[in-house]
Amino acid sequence: MYKKLIITSIALLFCAIVFAQEKKDRWIWPDEHKKDALYLHVDLGPKIGGGLAMSTNPSFYDFELKTGFAYQIGAALSVHVTHHPSFGLLGIGRVGMEIEAIYSCLGLNSSIDMMNISCLEIPVLIQFYVTPDFQVEVGATPTKFLNVSPKYIQAGNVVANVGSIQGGDVKLSLGACYKTLFGLAIGLRYNLGMSELAENFHSKVSTAMLSVNYMFPLIK
């Protein structure tokens, strides 16, 4: 299921980029004299971020998993439809959408060693524009676990084979973002883990991330 979600999200991202590159007219209705015309904005840009990774302890034994550092790198595509600029604040268009492709590395401190999880994340977010520059966002983040290291972590006489953890998660994502006029965007997001890492390792991983991305207008 996770593979299908990720493939579908990547396909949507690719199609949106192709559509934006082929779109020659920035107006849905290309009549600049119509004040009720819609104005299409499509932005694409790289994204980096850092923050905290948090995990619940497995129920069968206490590995003393503690908060660790997380980082991410990837790209974001933003789509936003507004009214004619003459509408001012009333015409900003309250709803937009953002799709991202992110590589993340999450570090969790255990009682003996640090557990590192690398994953591919495809956030799909609905953005509500409070002002033209500030928006709040909510959505889902399909996540595919790529690698876990070290292969084993130990607490007392208990050894867990975390290297065999595979699969994924669909996190619930909530956040806010401030976008400047020259393309720089700063965002804060909390991703709540909804699925356990494995049947024999009942632990859910969540993250709190601060990110920066620079958005290039494809259509403005």
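If you're matching positions, the sequence shown starts at 1281 in our numbering and goes up one per residue. The beta-carbon is built from N, C-alpha and C at its ideal position, and this holds for glycine as well. A quick note: this is a predicted structure, and the numbers were derived from the prediction, not measured.
Taking residue i as part of the beta strand (DSSP E), name the residues at either end of that continuous run.
{"i": "Asn1396", "result": "1394 to 1401"}
{"i": "Ile1406", "result": "1404 to 1409"}
{"i": "Asn1493", "result": "1485 to 1494"}
{"i": "Met1334", "result": "1318 to 1335"}
{"i": "Ile1382", "result": "1375 to 1389"}
{"i": "Pro1422", "result": "1414 to 1429"}
{"i": "Tyr1432", "result": "Where Tyr1432 is concerned, there is no enclosing beta strand (DSSP E), given that its DSSP letter is neither H nor E."}
{"i": "Gly1448", "result": "1448 to 1459"}
{"i": "Leu1477", "result": "Neither: Leu1477 is in no beta strand (DSSP E) and is coded neither H nor E."}
Assuming residue i contacts residue j under a Cβ cut-off of 8 angstroms, what Cβ separation, rounded to an integer in Å, is found between them?
{"i": "Ser1483", "j": "Ser1335", "result": "5 angstroms"}
{"i": "Gly1455", "j": "Gly1467", "result": "6 angstroms"}
{"i": "Gly1376", "j": "Val1492", "result": "Rounded, the Cβ-Cβ distance is 19 angstroms, inconsistent with contact."}
{"i": "Pro1430", "j": "Gly1419", "result": "The Cβ separation is near 33 angstroms, so there is no contact."}
{"i": "Leu1386", "j": "Val1485", "result": "6 angstroms"}
{"i": "Val1361", "j": "Leu1318", "result": "5 angstroms"}
Does residue i pass the burial test, meaning 16 or more other C-beta atoms within 10 Å, or should it be called exposed?
{"i": "Phe1425", "result": "buried"}
{"i": "Val1410", "result": "exposed"}
{"i": "Asp1311", "result": "Because the pLDDT at Asp1311 is just 46, under 50, the model does not fix this residue reliably, and the value given afterwards should be weighed accordingly. Burial call: exposed."}
{"i": "Phe1374", "result": "According to the sequence as given, residue 1374 is Arg; it is not Phe. Result: exposed."}
{"i": "Tyr1458", "result": "exposed"}
Going by beta carbon distance, what residues of the same chain come within less than 6 angstroms of residue i, once the five residues before and after it are set aside?
{"i": "Asn1389", "result": "Lys1346, Gly1348"}
{"i": "Val1322", "result": "Ala1300, Val1359, Leu1498, Ile1499"}
{"i": "Leu1477", "result": "Ile1445, Ser1483"}
{"i": "Val1416", "result": "Phe1408, Ala1456"}
{"i": "Ile1382", "result": "Gln1352, Gly1354, Glu1401"}
Near residue i, which residues of its chain fall below 7 angstroms by C-beta distance, leaving aside the five closest residues on each side in sequence?
{"i": "Gly1331", "result": "Ala1350, Thr1487, Ala1488, Met1489, Leu1490"}
{"i": "Asp1449", "result": "Thr1423, Gly1473, Met1474, Ser1475"}
{"i": "Pro1326", "result": "Ala1355, Asn1493, Tyr1494"}
{"i": "Phe1496", "result": "Asp1323, Leu1324, Gly1325, Gly1463"}
{"i": "Lys1304", "result": "Here the model assigns Lys1304 a pLDDT of 38, short of 50, so the residue's position is not dependable and the matter cannot be decided."}
Once you ignore the five residues that flank residue i on each side, which residues in its own chain have a CB closer than 8 angstroms to its CB?
{"i": "Thr1460", "result": "Asp1413"}
{"i": "Ser1453", "result": "Pro1403, Leu1405, Glu1417, Val1418, Gly1419, Ala1420, Thr1421, Arg1469, Tyr1470, Asn1471, Leu1472"}
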